[in-house]
Amino acid sequence: MANGLLRKKSIPAILKEAELGLSDGHGHGERLKKVLGVRDLTFMGIAAVIGAGIFSSIGKASYDGGPGVIFLYIFTAIACGFAALCYAEFASTVPVSGSAYTYSYVAFGEIFAWIIGWDLLMEYAIGNIAVAISWSDYFTGLMGNAGLHIPAWLTMDYSTAHSGFLEASAASGTALTPALMEQSSAWTTAPHIFGIPVIMDLPAL
């Protein structure tokens, strides 16, 4: 059983499957067409390595970290560059579709490739959630500056509003922060359906 979990695929075998059109999940003789150029792949690679999280984290990082955040992003950029070089080496060694899943299958074995494949799915899903929540905050602020006020119960999730309401109820008036007051307001002003408050982050959805 252990041998089955740790079995690997050789590079020649993977390349042979790619020639037959089997490595892309298609039938015999079918394969993905190579239509992307160097510029397309370069920009896609930069987007994949850096990620969209930079747009959601830079505001809070700048507020909490101050001027030192500049060096943080420089060091992060260097690390991203090394990651890009690693992926470039992988892609040139195993020039087939599959990304880190295929590379792990070759280097470590099937069980590690299976784990990394599911990790990638979770990474993309969780990353999208973080970006959506951040975009929601920016969108809400933009609408507020334009004079269009979105109700608080439509700009945050249920758990945040509930915990904010409990903290605001237990705290004194001087200990209430603007964020805590907004969370409490979302809970108290939300409409109810069958006795359940309707609270959702609508812009994120």
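With numbering that gives the first Met the number 0 applied, the sequence shown corresponds to residues 0 to 204, in that order.
Backbone N, C-alpha and C define an ideal beta-carbon position, used for all residues, glycine too.
These numbers come from a predicted model, not from an experiment.
Residue i versus residue j - alpha carbon distance
i: A151; j: I128; result: 19 Å
i: G140; j: I77; result: 32 Å
i: G26; j: K8; result: Residue placement at G26 is flagged as unreliable, the pLDDT there being 47, under the threshold of 50; a coordinate-derived value is accordingly withheld.
i: S162; j: P177; result: 14 Å
i: L179; j: G108; result: 49 Å
i: T159; j: L175; result: 15 Å
i: L19; j: L35; result: 21 Å
i: G146; j: F138; result: 12 Å
i: G194; j: Y157; result: 14 Å
i: F89; j: A106; result: 10 Å
Residue i vs residue j beta-carbon contact at 8 Å
i: I132; j: A203; result: yes
i: A99; j: G44; result: no
i: M155; j: A185; result: yes
i: S183; j: F164; result: yes
i: L71; j: G65; result: no
Unbroken alpha helix (DSSP H) run spanning residue i, endpoints
i: M180; result: P177 to T188
i: S210; result: Only positions 0 to 204 of the chain appear in this structure, which leaves residue 210 out of reach.
i: L141; result: E109 to N144
i: S98; result: S98 to A106
i: L147; result: Run containing L147: none; DSSP gives neither H nor E here.
i: L19; result: I10 to L19
Which residues DSSP lists as bridging residue i, in chain order
i: I192; result: I195
i: T154; result: D200
Distance cut-off 7 Å: residue i Cβ against heavy atoms of the ligand SAM
i: L141; result: For the ligand SAM, the structure offers nothing, since it holds no ligand at all.
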